[in-house]
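Engineer:
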Amino acid sequence: MSDKTHSSLISMARADGAQEPIVPLKLGERVRALRKERNMTLEQAAKRAGLARSTLSKIENEQMSPTFDAVRKLAHGLGISVPQLFTPPHAGAAGGRMAVTRAGEGRPHLTTTYEHELLAANMKGKQMLPYRARVRARDLEEFTGWVRHDGEEFLYVLSGIVRFYSEFYEPLEMRRGDSVYYDATMGHNVVSVSQEDAVILWVTSMA
Numbered sequence: 644m645s646d647k648t649h650s651s652l653i654s655m656a657r658a659d660g661a662q663e664p665i666v667p668l669k670l671g672e673r674v675r676a677l678r679k680e681r682n683m684t685l686e687q688a689a690k691r692a693g694l695a696r697s698t699l700s701k702i703e704n705e706q707m708s709p710t711f712d713a714v715r716k717l718a719h720g721l722g723i724s725v726p727q728l729f730t731p732p733h734a735g736a737a738g739g740r741m742a743v744t745r746a747g748e749g750r751p752h753l754t755t756t757y758e759h760e761l762l763a764a765n766m767k768g769k770q771m772l773p774y775r776a777r778v779r780a781r782d783l784e785e786f787t788g789w790v791r792h793d794g795e796e797f798l799y800v801l802s803g804i805v806r807f808y809s810e811f812y813e814p815l816e817m818r819r820g821d822s823v824y825y826d827a828t829m830g831h832n833v834v835s836v837s838q839e840d841a842v843i844l845w846v847t848s849m850a
């Protein structure tokens, strides 16, 4: 088994989602959208923000640039922080995305050391890569080197016992319910030390 197998799994998942272009923020449009999301009239929003209705109308219609004090009042009135006011929503992204993977319906990816099952495989542009893995390896010698890749990783033991090897720490024996969160650029490998194959949940950031 090549030590690149685990990393290639991450790379393939990253390739599914393309980077979205950065769109310049129009503050007036952003304020209007936030106000309407909260089902607030112009009068209600202006009152909550402590601004004149005419002032808020001019801001929404890009007829005036608000002072910092007005921006602070707007954010308070809309119930958000100032940075959130200037953070544009992702183009075309729905705020309630969801992907369900029924038991046994994940996308399989088999190797000589792991049986990976990709979860939420059909969701594009994920910020995390969750997958279930059956750990076949019983000895560190079964790997040709350290697995390492960009991002951070979370490992949770679902059943069995594993030994987590890492580049800078002593080997860690982990049982059902144990977890570890680590920098995935650090070399790491996992083997089963129980009689049966251990089963783990891995969640990798897509950074």
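Per the working numbering, the very first residue in the sequence shown carries number 644; after that it's consecutive.
Every residue gets a Cβ at the ideal spot worked out from N, C-alpha and C, and that includes glycine.
Keep in mind that this is a model prediction, so the values were computed, not measured.
#1: Ordered along the chain, which non-local residues of its own chain (more than five positions away) have a Cβ less than 7 Å from that of T744?
#2: So within the stretch 691-779, which uninterrupted beta strand (DSSP E) runs reach at least 3 residues, ignoring any that extend past its ends?
#3: Report the residue ranges of all alpha helix (DSSP H) runs contained in full by the stretch 809-847; include only those spanning at least 4 residues, in chain order.
#4: Please state whether the Cβ-Cβ distance between F797 and S822 is less than 8 Å.
#5: Give a yes or no on whether the C-beta atoms belonging to L801 and R819 are separated by under 8 Å.
#6: Run the CB neighbour count on Y812, radius 10 Å, all protein chains shown included, and call it buried at 16 or more, exposed below.
#7: Which residues mark the beginning and the end of the beta strand (DSSP E) in which V800 is found?
#8: Please state the DSSP three-state secondary structure of M849.
#9: When the distance is taken between beta carbons, is N832 closer than 8 Å to Y808?
#10: Could you round the C-beta distance between E810 and G788 to whole angstroms and report it? I think they count as a contact, below 8 Å.
#11: Nearest CA to the CA of F786: which residue from T754, R777 and R750?
#12: Could you have a look at R675 and say whether DSSP puts it in helix, strand or coil?
#13: Name the DSSP beta bridge partners of F807, please?
#14: What number of angstroms, rounded off, separates the C-alpha of A841 from the C-alpha of V790?
#15: If M766 sits next to M849, beta carbons under 8 Å apart, how far is it from one beta carbon to the other, in whole angstroms?
#16: With burial defined as no fewer than 16 other Cβ atoms inside 10 Å of the residue's Cβ, what is the status of R673: buried or exposed?
#17: My understanding is that L606 touches R675, with C-beta atoms under 8 Å, so please give their C-beta distance in whole angstroms.
#18: Roughly how many angstroms separate the alpha carbons of V666 and H759, rounded to a whole number?
#19: For G671 and G693, what's the separation of their Cα atoms in angstroms?
Structural biologist: Per the coordinate set shown:
#1: L762 and A763
#2: 750-753, 757-761 and 771-778
#3: none
#4: yes
#5: yes
#6: exposed
#7: E795 to S802
#8: coil
#9: yes
#10: In fact, because the Cβ distance is near 11 Å, the residues do not count as touching under 8 Å.
#11: T754
#12: helix
#13: L815 and V833
#14: 18 Å
#15: With 8 Å as the limit, M766 and M849 do not qualify as a contact, their Cβ atoms being about 11 Å apart.
#16: buried
#17: Missing from the structure shown is residue 606; the chain here goes from 644 to 850 and no further.
#18: Confidence at V666 is low in this model, with a pLDDT of 40, below 50, so the placement of that residue is unreliable and no value is reported for it.
#19: 17 Å
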